[in-house]
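One structure is given below, encoded as structure tokens.
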Amino acid sequence: YEVMLTYCLLVSIIDLSITQHHVKCPTETIQAEEGDDVTLRFDLDPRVNLVNYTLDIKRDNKIIHVYRHGKDLTDPQTERYRDRTTLIHEDLSRGIMTLQISSVQLKDSGPYRCFVPGLRAGCTTVLNVGKHEDFTTVQDILGFISFSIYHR
């Protein structure tokens, strides 16, 4: 019995050390309008329950959101993100890290790095926040086309 238990333990340890995890990020730049709420989603592959792992999300080496020991920590968080980020805890058990940033500002534009230190896995995605007038809506385009056709 002890030999079998030791064998199972060794196989588990070897399996953990061989399995490499990767975090998948959106490859396209995430576009948002100033004042919007934005969702950053990072998927672990292969999927692992992340509830008991440490998760760090940073921008320009400044801490945006930290999750440790099953809790969100606000002390190390950069002041301008305080009370603006929400990690969706329900997704963690499925290997998904979903971070919502409320009311994004122009200065929130840039790369966001998600890292799981215990798995040595992470990735970076880019957020681009623009002013309202920088965005052309489909309605604006259709209105312009209708106006152009009508006035010919």
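Just so you know, the sequence shown maps onto residues -19 to -1, 1 to 133 in mature numbering (1 follows the signal peptide of the UniProt record, and there is no 0).
Glycine included, each C-beta is placed from N, C-alpha and C at the ideal position.
Predicted, not measured: the structure shown is a model, and the values here were computed from it.
Inset, instruction - Work out the CA separation of residue 85 and residue 17 for me, nearest whole Å. - result: Indexing the sequence shown from 1 puts residue 17 at position 36. Indexing the sequence shown from 1 puts residue 85 at position 104. So the two alpha carbons sit approximately 6 Å from each other.
Inset, instruction - Pair every Cβ in the stretch 14 to 29 with every Cβ in the stretch 87 to 95, then say whether three or more of these pairs are closer than 8 Å. - result: yes
Inset, instruction - With hydrogens ignored, establish whether the beta-carbon of residue 90 is closer than 7 Å to any heavy atom of the ligand HEM. - result: You won't find the ligand HEM in this model; it holds no ligand whatsoever.
Inset, instruction - Please classify residue 131: does DSSP put it in a helix, a strand, or coil? - result: On the sequence shown, position 150 is the one that residue 131 refers to. Residue placement at residue 131 is flagged as unreliable, the pLDDT there being 47, under the threshold of 50; the coordinate-derived value follows with that caveat. The answer is helix: DSSP assigns residue 131 an H, G or I state.
Legend entry - Per-residue burial, residue 1 [other beta carbons within 10 Å of its own, 16 or more giving buried]: Residue mapping note: residue 1 aligns to position 20 of the sequence shown, counting from 1. Exposed, because fewer than 16 other Cβ atoms sit within 10 Å of the Cβ of residue 1.
Inset, instruction - Count the other C-beta atoms from every protein chain shown that fall within 10 angstroms of the C-beta of residue 80, then say buried if there are 16 or more, exposed otherwise. - result: Stepping through the sequence shown from its first residue, residue 80 is reached at position 99. Its Cβ being crowded by 16 or more others within 10 Å, residue 80 is buried.
Inset, instruction - Would you mind sorting residue 103 into buried or exposed? The rule is 16 or more other CB atoms within 10 Å of its CB. - result: As a working note, residue 103 is residue 122 in the sequence shown. Answer is buried; the Cβ neighbour count reaches 16.
Inset, instruction - In the DSSP assignment, find the unbroken alpha helix (DSSP H) run with residue 70 in it and report its ends. - result: Residue mapping note: residue 70 aligns to position 89 of the sequence shown, counting from 1. Start and end: 70 to 73.
Inset, instruction - Kindly list the residues whose CB is nearer than 7 Å to the CB of residue 28, restricted to its own chain and excluding five residues on each side of it in sequence; keep chain order. - result: Numbered from its first residue, the sequence shown carries residue 28 at position 47. Counting only Cβ-Cβ distances below 7 Å, and skipping sequence neighbours, we find 75, 76.
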